[in-house]
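Mapping the sequence shown onto full-length UniProt numbering, position 393 (from 1) lands on 393, and the numbers just tick up by one. Report on the following structure.
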Amino acid sequence: MSGHGTPIPMIAHRSSGLSGTAEVPGDKSISHRSLILGAMAVGETVVTGLLEGQDVLDTAKAMQAFGAEVVRDADGTWHIHGVGVGGFAEPDQVIDCGNSGTGVRLIMGAMATSPITATFTGDASLNKRPMARVTDPLALFGTQAVGRSGGRLPMTIIGAAEPLPVRYTVPVPSAQVKSAVLLAGLNAPGQTVVIEQEATRDHTERMLEGFGATITTEVTDEGRVITLQGQPELQPQTIEVPRDPSSAAFPVCAALITEGSDILVPNIGLNPTRAGLFTTLREMGADLTYENERQEGGEPVADLRARFSPNLKGIEVPPERAASMIDEYPVLSAVAAYAEGQTVMRGVKELRVKESDRIEAMATGLRANGVEVEDGEDWWIVHGKGFGNVAGGATCASHLDHRIAMSFLVLGLASNAPVRVDDGGPIATSFPIFEGLMADLGADIRREG
């Protein structure tokens, strides 16, 4: 839907009393990795709770194109019959990854050390995003990449016939880059080492270990040193995907700013490399509690209870927390509009090269709705107006970005005048049930036209 279909204008009206249980979709990061690692294992991997948004469905199609058998049962259980590490076949067609930067970068890594060639493309948004951050380290293995100027899609990847093991320091925090290098290292001899100065989401490391790879992480003076032993035989797994904290962010944030609200969001993954938003909201004074805390499949999980919080305070978000909540800054900025005082966000330059320039997109839309915002290359500050004082009334551009669209719709649930987005279509890439789920909670969000 995003970038390919007719725009779907949407509007959010001021609402009250959100209540009920929000069953958000499965975690997108784990869903992508379940399909890719299942395709690289020998035997059948069974996955339940997979996020069936377009981004993940595009990854499933890509794994089929590389030779894996990927089948969905009527009850939503997925079966992946893998081809083994180094067993990918050369695809007959161009691999279209739609809107998914995670999908395309991880798949590039997974095929980069096999002697095959594949061409990747995406929608209008993805084809603007930089790929050199991944193709540069993949070149160290012997992989070649030929794309448009600026390292953009469409791009052809020529896998290394005789890959070399790599030792690579990630220049900026990026789970996508780290993961692409580790996936490439699976089919390289010896040890591939990735070093990161700041911890990023560690689903790839956890899942590689779960699939039987030999992988270690230690903290040294260099940073987090992740060492992977190449050329393992990955073992198929049975995976229950926890629910996505990035999707949970939207109903949680909506409840915090919508008068009289009390909602439960169950089974949310609280991996510490992903849960920075919830920590930040609680520091701002949000009535957000964790219930039934437990472990599922090696990942910490809890049910989130979110209640209306009219006395939120602006804070300075620690820059070192950015990697654990990078996708949640847009909706945090919507909540910050209803806090008292400044919410300061630094060390966030990666937001400039997401599906859109998320700092620019949110800053422009917030200003149009009466909220003062300052911004620089890697920082921005939202000057909160307090509950009841956000004017609203603007139409905001989504820029083919699902998180921008949802963030402005959340903003409109507590503003004095409705907030519109020009195109809610991209929401389907990550949260296809967003409209229905929010309506069931009592949110007045609807399509226009």
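Note that the Cβ used here is the ideal one computed from N, Cα and C, for glycine as well.
Worksheet entry | Beta bridge counterpart(s) of residue 120 as assigned by DSSP | 95, 155
Worksheet item: Rounded to whole angstroms, how far is the Cβ of residue 143 from the Cβ of residue 160, which I believe are closer than 8 Å?
Response: Rounded, the Cβ-Cβ distance is 5 Å, consistent with contact.
Discussion item. According to DSSP, is residue 37 part of a helix, a strand, or is it coil?
Written reply: helix
Fill in: beta strand (DSSP E) segment containing residue 145, residue limits
Bounds of the beta strand (DSSP E) holding residue 145 are 144-148.
Practice prompt. Could you tell me which residues DSSP pairs with residue 168 in its beta bridges?
Written response: Secondary-structure assignment with DSSP links residue 168 through a beta bridge to 194.
Discussion item. Taking 6 Å as the limit between beta carbons, can you name the residues of its chain near residue 417, skipping five residues before and five after?
Written reply: 392, 393
Worksheet entry | Beta-carbon spacing of residue 207, residue 33 below 8 Å | yes
Item to complete: Work out the CA separation of residue 232 and residue 214 for me, nearest whole Å.
Response: Roughly 8 Å separates the two Cα atoms.
Fill in: 8 Å Cβ shell around residue 432 - same chain, five flanking residues per side excluded
25, 52, 53, 54
Item to complete: Could you check which residue in 270, 195, 369, 158 has the C-alpha nearest to that of residue 219?
Response: Residue 195 is the option with its Cα nearest to residue 219.
Item to complete: Would you identify the three-state DSSP class for residue 345, choosing helix, strand or coil?
Response: Of the three classes helix, strand and coil, the one that applies to residue 345 here is strand, per DSSP.
Item to complete: For residue 242, count neighbouring Cβ atoms within 10 angstroms of its own Cβ and tell me buried if that reaches 16, exposed if not.
Response: Label assigned to residue 242: buried.
Item to complete: Enumerate in chain order the residues of its own chain whose CB-to-CB distance from residue 240 is below 7 Å, with the five nearest sequence positions on each side excluded.
Response: 48, 49, 296, 297
Worksheet entry | Alpha-carbon spacing of residue 131 relative to residue 326, whole angstroms | Rounded to whole angstroms, residue 131 to residue 326 spans 18 Å at the Cα level.
Practice prompt. Can you tell me which of the three DSSP states residue 434 falls into?
Written response: helix
Discussion item. Taking the alpha carbon of residue 210 as the reference point, which residue from 145, 299, 126, 18 has its own alpha carbon closest?
Written reply: That would be 299, whose Cα lies nearest to the Cα of residue 210.
Worksheet entry | Buried or exposed (CB count within 10 angstroms, at least 16 for buried), residue 426 | buried
Worksheet item: Does DSSP put residue 128 in a helix, in a strand, or in coil?
Response: helix
Worksheet item: Can you tell which of 98, 59, 73, 190 has the C-alpha that lies nearest to the C-alpha of residue 110?
Response: Taking only the C-alpha atoms, the option nearest residue 110 is 59.
Item to complete: Express the C-alpha separation of residue 63 and residue 40 in angstroms, rounding to a whole number.
Response: When rounded, the distance between both Cα atoms is 9 Å.
Worksheet item: Can you tell which of 321, 356, 328, 312 has its C-alpha closest to the C-alpha of residue 338?
Response: 312
Fill in: Collapsed DSSP secondary structure at residue 354 in the structure displayed
coil
Practice prompt. Please say whether residue 42 and residue 82 have beta carbons closer to each other than 8 Å?
Written response: yes
Practice prompt. In the DSSP assignment, find the unbroken beta strand (DSSP E) run with residue 228 in it and report its ends.
Written response: 223-229
Worksheet entry | Segment contact, 8 Å Cβ cut-off, at least three pairs: the stretch 315-335 with the stretch 270-279 | Enough Cβ pairs lie closer than 8 Å, so yes.
Worksheet item: In three-state terms, what does DSSP make of residue 138?
Response: For residue 138, the three-state secondary structure derived from DSSP is helix.
Item to complete: Go ahead and label residue 149 buried or exposed: buried means 16 or more other beta carbons lie within 10 angstroms of its beta carbon, across all protein chains shown.
Response: exposed
Practice prompt. Apply the 10 Å Cβ neighbour rule to residue 413 and answer buried if 16 or more other Cβ atoms are within range, or exposed otherwise.
Written response: Per the 10 Å Cβ criterion, buried.
Discussion item. Between the alpha carbons of residue 113 and residue 252, how many angstroms are there, rounded?
Written reply: 41 Å
Worksheet entry | Residue environment, residue 171, which counts as buried when at least 16 other CB atoms sit within 10 Å | exposed
Worksheet item: Beta carbon of residue 260, beta carbon of residue 17: below 8 Å?
Response: yes
Worksheet item: When burial is assigned at 16 or more other CB atoms within 10 Å of the CB, is residue 376 buried or exposed?
Response: When all chains shown are included, residue 376 counts as exposed.
Worksheet item: Where does the unbroken beta strand (DSSP E) through residue 385 begin, and where does it stop?
Response: 379-385
Worksheet item: Which value, in whole angstroms, describes the spacing of the CA atoms of residue 440 and residue 74?
Response: 24 Å
Worksheet item: Which residue comes first and which comes last in the beta strand (DSSP E) that contains residue 375?
Response: 372-375
Worksheet item: With a Cβ-Cβ cutoff of 8 Å, do residue 200 and residue 175 count as a contact?
Response: yes
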